[in-house]
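Taken in order, the sequence shown gives residues 420 to 805; the numbers are from the working numbering. Note that CB positions come from ideal geometry on N, CA and C, so glycine has one too. To start, the structure itself, in structure tokens.
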Amino acid sequence: MSKSRENRIVKDKILIGGGGQHRDSSIELFRIITMLCIIAHHYIVNSEILEEITRQNILTHNSLFSLLFGCGGKTGINCFVLITGYFMCESNISAKKFLKLFIEIEFYKAIFYLAFAFSGYTIFSLKEFTNALIPMQELGGGFVDSYLVFYLFIPYLNLLIKSMNKMHHLVLIMLCFLSGTILQTFLKASTAFTYVGWFMVLYFVGSYIRLYPKKSFQDRKICGISFLISLVFSWASVFARAWIYAEMGIRTIMYQSVDINRIFAVSTAVSGFLFFKSLHLKYCAIINKFAASAFGVLLIHANSDMMRQWLWQDILRNVQVYQSNYLVIHAIASVISIYIICALIDMVRIKLLEKPFFNWYDRFLDRKLISGIQNIGRLLRKEVQK
Numbered sequence: 420m421s422k423s424r425e426n427r428i429v430k431d432k433i434l435i436g437g438g439g440q441h442r443d444s445s446i447e448l449f450r451i452i453t454m455l456c457i458i459a460h461h462y463i464v465n466s467e468i469l470e471e472i473t474r475q476n477i478l479t480h481n482s483l484f485s486l487l488f489g490c491g492g493k494t495g496i497n498c499f500v501l502i503t504g505y506f507m508c509e510s511n512i513s514a515k516k517f518l519k520l521f522i523e524i525e526f527y528k529a530i531f532y533l534a535f536a537f538s539g540y541t542i543f544s545l546k547e548f549t550n551a552l553i554p555m556q557e558l559g560g561g562f563v564d565s566y567l568v569f570y571l572f573i574p575y576l577n578l579l580i581k582s583m584n585k586m587h588h589l590v591l592i593m594l595c596f597l598s599g600t601i602l603q604t605f606l607k608a609s610t611a612f613t614y615v616g617w618f619m620v621l622y623f624v625g626s627y628i629r630l631y632p633k634k635s636f637q638d639r640k641i642c643g644i645s646f647l648i649s650l651v652f653s654w655a656s657v658f659a660r661a662w663i664y665a666e667m668g669i670r671t672i673m674y675q676s677v678d679i680n681r682i683f684a685v686s687t688a689v690s691g692f693l694f695f696k697s698l699h700l701k702y703c704a705i706i707n708k709f710a711a712s713a714f715g716v717l718l719i720h721a722n723s724d725m726m727r728q729w730l731w732q733d734i735l736r737n738v739q740v741y742q743s744n745y746l747v748i749h750a751i752a753s754v755i756s757i758y759i760i761c762a763l764i765d766m767v768r769i770k771l772l773e774k775p776f777f778n779w780y781d782r783f784l785d786r787k788l789i790s791g792i793q794n795i796g797r798l799l800r801k802e803v804q805k
């Protein structure tokens with residue numbers, strides 16, 4: 420394998436799953452923990468446990484544990500995009516990278532719809548199957564579709580970043596946070612950004628950390644204390660909302676204070692990223708291997724409403740367990756097991772399907788695609804010159 424091709428492969432791994440062979444495992448471990456937080460969030464919100472807590476409106480050990488256990492989902496999304504910004508701000512975007520992301524998303528949509536249909540869990544409908552495969556339908560609040568669209572903007576975001584100096588970059592971040600976080604958190608202003616726009620803001624933050632390293636960014640103690648303080652405030656805000664609802668009867672959205680653009684979700688994500696980056700863990704093959712399938716884990720366990728119904732309500736029976744004494748064990752074991760099982764499924768997909776396809780792509784299609792684009796470019800230049 421040529422060195423240039425090997426470098427392309429390592430860069431491809433940076434986008435979603437990481438796992439590059441020559442990088443330490445600090446951020447890869449953070450990637451895994453981030454996805455575990457997202458799964459834990461889904462354990463609560465997709466299983467109707469949150470609705471059960473709201474309905475009962477009683478503060479119990481199980482309700483408090485559930486609220487805190489699931490409060491890190493939106494923070495996890497922030498972390499995930501920060502990692503993308505940190506790595507991709509100095510990487511070149513290619514058709515192959517986008518194609519790899521797009522095929523992975525569509526593959527899991529198709530395979531699990533067909534699996535549910537052929538198993539008899541649902542009745543196959545060509546219309547439903549086709550609708551399931553249509554990309555970019557949930558740009559307002561759907562992470563996967565929004566991430567796919569956001570990814571198309573990365574080359575232009577990089578051009579903007581390269582055209583700015585350090586001060587311009589910092590001022591841009593401050594303006595984005597003022598309009599997208601501060602006003603929403605403290606003045607209850609309307610949401611300034613969709614998910615796509617918010618991911619761009621986080622991309623600016625991740626790229627700033629990469630391009631303008633500071634001593635404080637590397638100080639493990641400072642980053643660790645900041646992370647701990649942000650985490651405690653996040654938990655306290657969730658507890659406060661639950662208490663206000665239970666004791667004062669004022670209806671409130673339990674996770675509003677840790678929503679994706681709120682100050683606690685942002686501060687926890689940024690400080691957590693800096694803390695794990697400062698750990699400088701040595702390369703660990705197992706960590707990097709499982710981190711490489713983090714996005715696949717998301718695509719599998721949050722595949723569709725059908726998957727949510729089957730996983731959280733039919734198989735794991737979360738609401739029934741919520742009333743029991745072994746909720747804590749069930750919740751932790753479920754989240755870890757889901758990550759491991761989904762990661763193993765994704766590893767099989769990569770080995771049997773993705774690698775063979777893109778090996779063929781590198782040998783044949785890539786050159787033809789580049790040649791075709793060059794020919795189109797020459798034709799356009801001729802038309803302009805006429």
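| query | If you draw a straight line from the alpha carbon of glutamate 467 to that of phenylalanine 783, how long is it in whole angstroms? | reply | Walking along the sequence shown from the start, residue 467 turns up at place 48. Walking along the sequence shown from the start, residue 783 turns up at place 364. Roughly 49 Å separates the two Cα atoms.
| Is leucine 571 helix, strand or coil when you go by DSSP? | Numbered from its first residue, the sequence shown carries residue 571 at position 152. If DSSP states are grouped into helix, strand and coil, leucine 571 belongs with the helices.
| For the 8 Å Cβ check, are there 3 or more pairs between the segment 673 to 682 and the segment 640 to 648? | Judged by Cβ distances under 8 Å, the segment 673 to 682 makes no contact with the segment 640 to 648, as fewer than three pairs qualify.
| field | Burial state of tryptophan 617 (16 or more Cβ within 10 Å) | value | One-based indexing of the sequence shown puts residue 617 at position 198. That one is buried.
| request: Report all residues from its chain with a CB closer than 8 Å to the CB of threonine 600; omit the five preceding and five following residues, and keep chain order. | output: Here residue 600 refers to the residue found at position 181 of the sequence shown. Scanning its chain for C-beta atoms nearer than 8 Å, with the 5 sequence neighbours on each side dropped, one finds around threonine 600 the residues Asn680, Arg681, Ile682, Val685, in chain order.
| request: Flag this pair as yes or no: are the beta carbons of leucine 483 and phenylalanine 658 separated by less than 8 Å? | output: Here residue 483 refers to the residue found at position 64 of the sequence shown. Here residue 658 refers to the residue found at position 239 of the sequence shown. Phenylalanine 658 is positioned such that its CB atom lies closer than 8 Å to that of leucine 483.
| query | Where does arginine 670 sit, in a helix, a strand or coil, going by DSSP? | reply | In the sequence shown, counting from the first residue as 1, residue 670 sits at position 251. Reduced to three states, the DSSP call for arginine 670 is coil.
| request: Keeping to the same chain, check which residues put their C-beta closer than 7 Å to that of tyrosine 527; ignore five residues upstream and five downstream. | output: Within the sequence shown, the letter at position 108 stands for residue 527. For tyrosine 527, where only same-chain residues beyond five positions count, the Cβ hits under 7 Å are Leu718, Ile719, Asn722.
| Residue from Ile669, Ile451, Ser653 whose Cα sits closest to the Cα of alanine 710 | Residue 710 sits at position 291 when you count from the first residue of the sequence shown. Considering only Ile669, Ile451, Ser653, the residue with the shortest C-alpha distance to alanine 710 is Ile451.
| task | Quick one: measure Cβ to Cβ for glutamate 523 and glycine 715, integer angstroms, because I've assumed they're closer than 8 Å. | result | Counting from one through the sequence shown, the residue named residue 523 turns up at place 104. Counting from one through the sequence shown, the residue named residue 715 turns up at place 296. So it is a contact: roughly 7 Å between Cβ atoms.
| message | Tell me the residue span of the alpha helix (DSSP H) that contains lysine 515. | response | In the sequence shown, counting from the first residue as 1, residue 515 sits at position 96. Element bounds for lysine 515: 514 to 537.
| So, is asparagine 550 buried or exposed, given that buried needs 16 or more other C-beta atoms within 10 angstroms? | Here residue 550 is taken as the residue at index 131 of the sequence shown, counted from 1. Asparagine 550 is classed as exposed because its beta carbon has fewer than 16 other beta carbons within 10 Å across all chains shown.
| field | Status (buried if at least 16 other CB within 10 Å, exposed otherwise) for glycine 495 | value | On the sequence shown, position 76 is the one that residue 495 refers to. With 16 or more Cβ atoms within 10 Å of its Cβ, glycine 495 is classed as buried.
| task | Quick one: using the 10 Å Cβ neighbour count with 16 as the cut-off for buried, is asparagine 584 buried or exposed? | result | Mapped onto the sequence shown, residue 584 falls at position 165. That one is exposed.
| For arginine 629, which residues of its own chain have a beta-carbon under 6 Å away from its beta-carbon, when the five flanking residues on both sides are left out? | Position 210 of the sequence shown, counting from 1, holds the residue named residue 629. Closer than 6 Å at Cβ, skipping near neighbours: Tyr505, Cys508.
| field | tyrosine 631 burial status per 10 Å Cβ neighbour count (16 or more: buried) | value | As a first step, residue 631 must be located in the sequence shown, where it is residue number 212. Exposed: under 16 other Cβ atoms inside 10 Å.
| query | In whole angstroms, what separates the C-alpha of glutamine 440 from that of alanine 704? | reply | In the sequence shown, the residue the question calls residue 440 occupies position 21. In the sequence shown, the residue the question calls residue 704 occupies position 285. Note that glutamine 440 scores 47 on pLDDT, short of 50, meaning its location in the model is unreliable; the coordinates nonetheless yield the value given after this. Glutamine 440 and alanine 704: Cα-Cα distance of roughly 8 Å.
| Are the CB atoms of isoleucine 592 and valine 624 nearer to each other than 8 Å? | The residue you call residue 592 lines up with position 173 of the sequence shown. The residue you call residue 624 lines up with position 205 of the sequence shown. The Cβ atoms of isoleucine 592 and valine 624 sit closer than 8 Å to each other.
| By how many angstroms is the C-alpha of serine 444 removed from the C-alpha of phenylalanine 521? | Along the sequence shown, read from residue 1 onward, the residue named residue 521 stands at position 102. Along the sequence shown, read from residue 1 onward, the residue named residue 444 stands at position 25. In a straight line, the C-alpha of phenylalanine 521 is about 26 Å away from that of serine 444.
| Separation of lysine 515 from leucine 771, as counted between CA atoms | On the sequence shown, position 352 is the one that residue 771 refers to. On the sequence shown, position 96 is the one that residue 515 refers to. The straight-line gap from Cα to Cα measures roughly 18 Å.
| Contact set for serine 656: own chain, Cβ-Cβ below 7 Å, skip 5 residues either direction | Along the sequence shown, read from residue 1 onward, the residue named residue 656 stands at position 237. Same-chain partners within the cutoff: Ser676, Val677, Phe683.
| Taking the alpha helix (DSSP H) that tryptophan 729 falls in, what are its first and last residues? | In the sequence shown, the residue the question calls residue 729 occupies position 310. Taken as a continuous stretch (DSSP letters only), tryptophan 729 belongs to no alpha helix (DSSP H), as it is neither H nor E.
| Own chain partners of leucine 518 with C-beta closer than 6 Å, once the 5 adjacent residues on each side are dropped | Reading the sequence shown from its first residue, position 99 is the one you call residue 518. So no residue of the chain qualifies.
| query | Buried or exposed: leucine 621, going by 16 or more other Cβ atoms within 10 Å of its Cβ? | reply | Here residue 621 refers to the residue found at position 202 when the sequence shown is read from its first residue. Leucine 621 is buried by the Cβ-count criterion.
| query | If you draw a straight line from the alpha carbon of phenylalanine 543 to that of isoleucine 530, how long is it in whole angstroms? | reply | Start at 1 with the first residue of the sequence shown, and residue 543 comes out as number 124. Start at 1 with the first residue of the sequence shown, and residue 530 comes out as number 111. Taking the straight line joining both Cα atoms gives about 13 Å.
| said: Tell me the DSSP secondary structure of cysteine 456 in three-state form. | reply: Within the sequence shown, residue 456 is the residue found at index 37, counting from 1. DSSP places cysteine 456 in helix when its eight states are reduced to three.
| request: For isoleucine 573, I'd like the list of residues in its chain whose CB is within less than 6 Å of its CB, leaving aside the five on either flank, ordered along the chain. | output: Position 154 of the sequence shown, counted from the start, is the residue given in the question as residue 573. These residues qualify, in order along the chain: Met507, Ile512.
| message | If contact is defined by three or more beta carbon pairs under 8 Å, each pair taking one atom from either stretch, is the segment 691 to 703 in contact with the segment 757 to 772? | response | Touching, no.
| task | Label isoleucine 663 either buried or exposed according to how many other C-beta atoms from any shown protein chain fall within 10 Å of its C-beta, with 16 as the threshold for buried. | result | Locating residue 663 in the sequence shown gives position 244, counting from the first residue. Counting C-beta atoms within 10 angstroms of its own C-beta, isoleucine 663 has fewer than 16 neighbours from the protein chains shown and is therefore classed as exposed.
| message | Tell me the DSSP secondary structure of threonine 610 in three-state form. | response | Position 191 of the sequence shown, counted from the first residue, corresponds to residue 610. It is coil, neither helix nor strand.
| task | Name the residue from Ser712, Val689, Ser753 whose alpha carbon lies nearest to the alpha carbon of leucine 730. | result | Mapped onto the sequence shown, residue 730 falls at position 311. Put simply, of Ser712, Val689, Ser753 the residue whose alpha carbon is nearest the alpha carbon of leucine 730 is Ser753.
| query | Within 10 angstroms of its Cβ, does methionine 667 collect 16 or more other Cβ (buried), or is it exposed? | reply | Translated into positions along the sequence shown, residue 667 becomes position 248. In this structure methionine 667 is exposed. Its beta-carbon is surrounded by fewer than 16 other beta-carbon atoms within 10 angstroms.
| query | Just curious, the alpha helix (DSSP H) that methionine 555 is in, first and last residue? | reply | Taking the sequence shown and counting its residues from 1, one reaches residue 555 at position 136. Neither: methionine 555 is in no alpha helix (DSSP H) and is coded neither H nor E.
| request: Figure out for me which residue from Arg736, Lys708, Ile672, Phe636 has the closest Cα to the Cα of aspartate 765. | output: Reading the sequence shown from its first residue, position 346 is the one you call residue 765. Cα-wise, what sits closest to aspartate 765 is Lys708.
| said: Only counting the same chain, and skipping five residues up and downstream in sequence, which positions put a Cβ closer than 7 Å to that of aspartate 564? | reply: For this step, residue 564 is matched to residue 145 along the sequence shown. Contacts found: Pro554, Met555, Gln556, Glu557, Leu558.
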